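Q: With the UniProt record's numbering applied, the sequence shown has no gaps in its numbers, which climb one by one up to 234 at the end.
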Amino acid sequence: MKRFLFPRWVNPFLGVLGLAIVGGGVYAAAMGGLVTDPQTLNVGYQPTQPVPFSHAIHAGQLKMDCRYCHNTVFDAAHAAVPPTATCVNCHSPAAENGQTALGAVHTDKASLAPIHESWKTGRSVAWKRIHNLPEFVYFNHAAHVNSGVSCVSCHGRIDQMEVVYQHEQLSMAWCITCHRNPNEHLRPVEFVTKLDWKAEDHDWGEFANQEEFAKAHREEHNINPQVHCAVCHR
Numbered sequence: 001m002k003r004f005l006f007p008r009w010v011n012p013f014l015g016v017l018g019l020a021i022v023g024g025g026v027y028a029a030a031m032g033g034l035v036t037d038p039q040t041l042n043v044g045y046q047p048t049q050p051v052p053f054s055h056a057i058h059a060g061q062l063k064m065d066c067r068y069c070h071n072t073v074f075d076a077a078h079a080a081v082p083p084t085a086t087c088v089n090c091h092s093p094a095a096e097n098g099q100t101a102l103g104a105v106h107t108d109k110a111s112l113a114p115i116h117e118s119w120k121t122g123r124s125v126a127w128k129r130i131h132n133l134p135e136f137v138y139f140n141h142a143a144h145v146n147s148g149v150s151c152v153s154c155h156g157r158i159d160q161m162e163v164v165y166q167h168e169q170l171s172m173a174w175c176i177t178c179h180r181n182p183n184e185h186l187r188p189v190e191f192v193t194k195l196d197w198k199a200e201d202h203d204w205g206e207f208a209n210q211e212e213f214a215k216a217h218r219e220e221h222n223i224n225p226q227v228h229c230a231v232c233h234r
């Protein structure tokens with residue numbers, strides 16, 4: 001039997017193959033580190049914003065409804081980041097004569113300078129996104145809140161956060177767990193933005209408890225969350 005020998009021109013490719021294997025390993029390690037880094041998807045991610053906006057004051061102390069700033073949450077897939085015009089409704093900058101066009105709360109506060117600059121120039125404030133889902137994941141805010149899933153279920157007690165951070169892991173397993181058993185997360189739709197709402201303090205009327213309400217609510221509104229891939233990966 002004749003012995004088979006690879007031609008000599010194959011030899012350089014062995015080095016290339018070795019480099020590809022090493023490079024692939026480095027790339028995989030780097031990507032694995034990035035997708036599990038607190039600054040991308042992990043619980044506790046808390047970036048410094050260009051303006052120190054306190055949800056504890058606005059949503060907590062002042063009881064401002066989430067929809068005042070995030071006004072698309074009931075109608076669109078994304079909860080809009082408020083434009084500068086929304087901020088200026090209360091924090092209007094003072095003109096040269098000291099008068100303000102709109103609200104005059106903390107007119108000369110230094111920390112509001114980026115808001116006032118944005119209002120004058122028309123350039124958006126560079127807010128940093130906190131809750132980051134991969135680009136291949138589809139999530140619809142309107143579908144969830146209109147079904148009775150509160151902001152609290154995903155974002156935690158935002159009204160108690162001086163600086164907002166990611167409260168939940170937002171992983172696929174975490175989402176699927178809720179889709180398989182959503183009852184504990186469902187409440188009357190009119191209370192989804194009431195962040196201090198408690199099931200045990202609620203008057204359920206014709207229902208004995210929250211679980212009984214959730215079952216009837218799901219049947220009435222045909223709420224049957226799916227867990228197959230196409231639900232989120234479209």
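Glycine residues also receive a C-beta, built at the ideal position from the N, C-alpha and C atoms. Keep in mind the model is a prediction, meaning the values are calculated, not measured.
1) With H, G and I counted as helix, E and B as strand and the rest as coil, what does DSSP make of residue 80?
2) If I follow the unbroken alpha helix (DSSP H) through residue 45, where does it start and stop?
3) In this structure, how does DSSP classify residue 105 when only helix, strand and coil are distinguished?
4) Taking just the CA atoms, how far does residue 160 sit from residue 251?
5) What do you reckon, are the CB atoms on residue 50 and residue 125 nearer than 8 Å?
6) Could you check what DSSP says for residue 149 in three-state terms: helix, strand or coil?
7) Within a Cβ cutoff of 6 Å, which residues of the same chain sit near residue 153, ignoring the five residues on either side of it in sequence?
8) Roughly how many whole angstroms lie between the Cα atoms of residue 201 and residue 210?
9) Helix, strand or coil for residue 186 per DSSP?
10) Report yes or no: do the segment 142-153 and the segment 173-189 share at least 3 C-beta pairs separated by less than 8 Å?
11) Residue 169: buried (16+ other C-beta within 10 angstroms of its C-beta) or exposed?
12) Ordered along the chain, which non-local residues of its own chain (more than five positions away) have a Cβ less than 7 Å from that of residue 86?
A: Looking at the coordinates:
1) coil
2) Judged by DSSP secondary structure, residue 45 falls outside any alpha helix (DSSP H); it is assigned neither H nor E.
3) The answer is coil: DSSP assigns residue 105 none of H, G, I, E or B.
4) Past the edges of the chain, shown from 1 to 234, lies residue 251, and the structure says nothing about it.
5) yes
6) strand
7) 185
8) 10 Å
9) strand
10) Under the 8 Å Cβ criterion, the segment 142-153 counts as touching the segment 173-189, having at least three qualifying pairs.
11) exposed
12) If we look at residue 86 and ignore the five residues flanking it on each side, its Cβ neighbours are 69.
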